[in-house]
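A short write-up of the structure that comes next.
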Amino acid sequence: MITFDRLKLICSLDVVENINERDFQTIVMDGDITSYKYHQDTPFYLLIRKDFIHSECVIEFTGKILSDRYPELINRDNIRYCIEQINRLGICEIDTERLLQTAKVAKCDVTKDVTSTEIKEIITQTKQNLTNYDKWEVEKYPNGICLRNKVTTDRYKKRVCIYDKGKELKQQTNSSFLLSLHQSQTLLDYFQNKVRFELNIGTMVQIKRLLKIDDNSLIEVLNSTANPLLSVIDEALKKHTDSRQHTDFKDYVNSLILADNHNDLAELEAKIRALTPKGTVIKRKMQPYRDYFNRQTATSHQIDIRGLVS
44 MITFDRLKLI CSLDVVENIN ERDFQTIVMD GDITSYKYHQ DTPFYLLIRK
94 DFIHSECVIE FTGKILSDRY PELINRDNIR YCIEQINRLG ICEIDTERLL
144 QTAKVAKCDV TKDVTSTEIK EIITQTKQNL TNYDKWEVEK YPNGICLRNK
194 VTTDRYKKRV CIYDKGKELK QQTNSSFLLS LHQSQTLLDY FQNKVRFELN
244 IGTMVQIKRL LKIDDNSLIE VLNSTANPLL SVIDEALKKH TDSRQHTDFK
294 DYVNSLILAD NHNDLAELEA KIRALTPKGT VIKRKMQPYR DYFNRQTATS
344 HQIDIRGLVS
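Just so you know, we're using the working numbering here: the sequence shown kicks off at 44 and counts up by one.
What follows is the structure in structure tokens.
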């Protein structure tokens, strides 16, 4: 089942009624009210905007709206609970059924949390195995990295963040969220050694393309059977990863020479014999490659990143 850590919904004005004007900011232009806006960052992100100019309402929230149920992430089974959480704030009344039937998704973060203690290895392997370094790049991200394609238009932008969710939750910025929970330690225990994969999709065109759906209705999005995280990783990373660790330039040269001989020491030795003068001590000539090969064999460890998000 596809899960999300953020949804931005567009719906009709009548979905959100009875707003509390003491909580909402009133936007006035030329003496007329053009919109009402509510915004909070903690304990979870929530934005509600009634836009009279465009005759629409925007509702955007993050997975922390689920409170102690946060490990579930936003999905088709708990979307009603998410809306109930907003209604419990007492700032407005959202017609849950009408929202489910009519809302469109304008932005979303497809998210998956996986158990792994190898976040450093995942980061290293991702950096070393981009399919095309002219098209893809890796950026720093708190407790992890972001993998993104180098494009200038949002229509084709793809961005996957990979980070240690357990460490992220313990940061000061999440203190108010943890204090709002009934069982904060239970939640922290759950996210211990959890690596988060999060795909940010910022346009309606991209949502349809990556989720393989015909329209952006909330129901279609929540019921998508696609795996957009796997699709982007398939596009960005080589299928056969290179787990070799190069400590210096000589190591790098040795790895290239071995790779040219299919990482076969016997094949390399035959080539060295053919290319060096008689009297050359082949054992001495081969020793650097044997040392490098044995060291890499002992430390080589490949992580199936595709398997983690499948």
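Note that beta-carbon positions come from the ideal geometry of N, C-alpha and C, so glycine has one too.
Own chain residues within Cβ distance below 6 Å of residue i, not counting five before or after
{"i": "Ile188", "result": "Ile166, Val181, Ile205"}
{"i": "Leu44", "result": "A small correction: the amino acid at residue 44 is Met; Leu does not occupy that position in the sequence shown. If we look at Met44 and ignore the five residues flanking it on each side, its Cβ neighbours are Asn118."}
{"i": "Phe240", "result": "Lys155, Ile205, Leu272, Val352"}
{"i": "Leu90", "result": "His82, Glu103"}
{"i": "Trp179", "result": "Leu173, Asn192, Ala279"}
{"i": "Pro211", "result": "Looking at the sequence provided, one finds Glu at residue 211 rather than Pro. Contacts found: Asn186."}
{"i": "Ser159", "result": "Val238"}
Cβ separation of residue i and residue j, assumed to be a contact under 8 Å, to the nearest whole Å
{"i": "Thr145", "j": "Cys54", "result": "6 Å"}
{"i": "Arg65", "j": "Ser78", "result": "At roughly 16 Å, the Cβ-Cβ gap does not stay under 8 Å, so Arg65 and Ser78 are not in contact."}
{"i": "Val153", "j": "Asn259", "result": "Not confirmed; about 14 Å, so no contact."}
{"i": "Leu311", "j": "Leu318", "result": "Not really, about 11 Å apart at Cβ, beyond 8 Å."}
{"i": "Ile244", "j": "Arg349", "result": "In fact, because the Cβ distance is near 19 Å, the residues do not count as touching under 8 Å."}
{"i": "Val248", "j": "Arg202", "result": "That pair is no contact at about 15 Å."}
Pair within 8 Å by beta-carbon distance, residue i and residue j
{"i": "Leu50", "j": "Glu103", "result": "yes"}
{"i": "Tyr233", "j": "Pro331", "result": "no"}
{"i": "Val58", "j": "Ile137", "result": "yes"}
{"i": "Ser110", "j": "Leu224", "result": "yes"}
{"i": "Arg333", "j": "Leu308", "result": "yes"}
{"i": "Ile346", "j": "Glu60", "result": "no"}
{"i": "Cys135", "j": "Asn217", "result": "no"}
Segment limits, beta strand (DSSP E) that includes residue i
{"i": "Lys147", "result": "147-158"}
{"i": "Gly187", "result": "187-192"}
{"i": "Leu280", "result": "Unbroken run through Leu280: none, as it is neither H nor E."}
Extent of the continuous alpha helix (DSSP H) run through residue i
{"i": "Phe104", "result": "Segment 99-105 is the beta strand (DSSP E) holding Phe104; no alpha helix (DSSP H) there."}
{"i": "Asn130", "result": "122-130"}
{"i": "Glu263", "result": "261-265"}
{"i": "Asn297", "result": "292-303"}
Residues bridged to residue i (per DSSP)
{"i": "Met72", "result": "Asp75"}
{"i": "Leu242", "result": "Val153, Val203"}
{"i": "Lys237", "result": "Thr158"}
{"i": "His82", "result": "Leu90"}
Residues near residue i in its chain [Cβ-Cβ closer than 7 Å; skip 5 each side]
{"i": "Val264", "result": "Val148, Cys151, Ile250, Leu254, Ile256"}
{"i": "Ser227", "result": "Leu221"}
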